[in-house]
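Trainee: Quick one: the structure is below, questions incoming.
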Amino acid sequence: MAAPSTLIGHEDLLGWLEAARVDGALPHALLLSGPSGVGKTAVALHLADAVLEGAAWPGGLIAHPDLWLEDTDGERIGIDRIRAGARAEAGPSLQDAMSLRTYAGGMRVAIVARAERLTEQAADALLKTLEEPPPGTVIVLCAANPEALPATILSRAQHVSLATVPVTRIVAWLEAATIEPRLARLAAGLSGGRPGRASRLA
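Under the working numbering, think of the first position of the sequence shown as 1157, with each following residue one higher.
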């Protein structure tokens, strides 16, 4: 699972998101696209951390009650993870989580990693939430292949495409994580500018 501390690059996007957050102008739905491993989920978690002040929460951001995260390894995201009242082994559905009162009267953030895994039924259920989002909610969809999502969902989310990260920055990032310099250069060179892939290769 990605975490805010693993984020590298994308400063322009992060600056825009922070300015929007401070101004109270965050879109209710964001679609972050880009190749696998480029940092989409890391950016989403970074945003959630800023919105929810996750670093101050006991157990950190992932334990925050106002964060809903779908980042499992399953091939598909079924309707039970989205529709209200559905029973899912992974915990409350998105709609159930978003309907609860927030812990401190603030905002809620929902993140759907690899959103192209949504089944047709799950996408239909998500669309209803995007059409009538609960107040104080930000929903972030991450997708390497956004064209696989229904056009109705694409039209209701602000789309931002993440660029790849310069190899030199990935090398420095890996070396800072105590990866041996030769291996860091090799992994970064093979990563195609994707920090997540470089980390796996190293």
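Heads up, the beta-carbon is just placed ideally off N, CA and C, and yes, glycines get one too.
1) Return the residue from the list L1330, T1228, D1205 and L1357 that minimises the CA-CA distance to I1218.
2) Let me check understanding here. Comparing Cα to Cα, which of I1164, P1183, A1176 and G1165 lies closest to L1286?
3) CB of R1257 to nearest heavy atom of the ligand PLP: below 7 angstroms?
4) Which residue wins for smallest C-alpha separation from A1198, given the options W1172, R1264 and C1298?
5) Note down the Cα distance separating D1222 from T1258, rounded to an integer number of angstroms.
6) Which ranges would you report for the beta strand (DSSP E) in the region 1177–1209 if only whole runs of at least 3 residues count?
7) From the DSSP output, read off the bridge partner residues of K1267.
8) According to the Cβ coordinates, are A1242 and A1253 closer than 8 angstroms?
9) Pick helix, strand or coil for L1274, following the three-state DSSP scheme.
10) What separation, rounded to the nearest whole angstrom, lies between the Cα atoms of A1176 and V1294?
11) Is V1321 helix, strand or coil by DSSP?
12) Taking C-alpha atoms, which residue in E1288, R1341 and V1268 lies nearest to W1329?
13) Taking all protein chains shown into account, decide if L1339 is buried (16 or more other Cβ within 10 angstroms of its Cβ) or exposed.
14) Have a look at G1190 and R1270 and give me their C-alpha separation to the nearest angstrom.
15) Which residue comes first and which comes last in the alpha helix (DSSP H) that contains A1340?
16) Any idea if A1354 is buried or exposed, counting beta-carbon neighbours within 10 angstroms, 16 or more meaning buried?
17) How would you label Q1314, buried or exposed, when you count the other beta carbons within 10 angstroms and need 16 or more for buried?
18) Alpha carbon to alpha carbon, how far is D1168 from S1192?
Mentor: Answer, in terms of the structure:
1) D1205
2) P1183
3) The model depicted lacks the ligand PLP and carries no ligand whatsoever.
4) C1298
5) 6 angstroms
6) 1185–1189
7) First, the residue type needs correcting, since residue 1267 is Ile and not Lys in the sequence shown. Note: I1267 sits in a beta bridge opposite L1225 and V1296.
8) no
9) strand
10) 12 angstroms
11) coil
12) R1341
13) exposed
14) 11 angstroms
15) P1337 to L1346
16) buried
17) exposed
18) 20 angstroms
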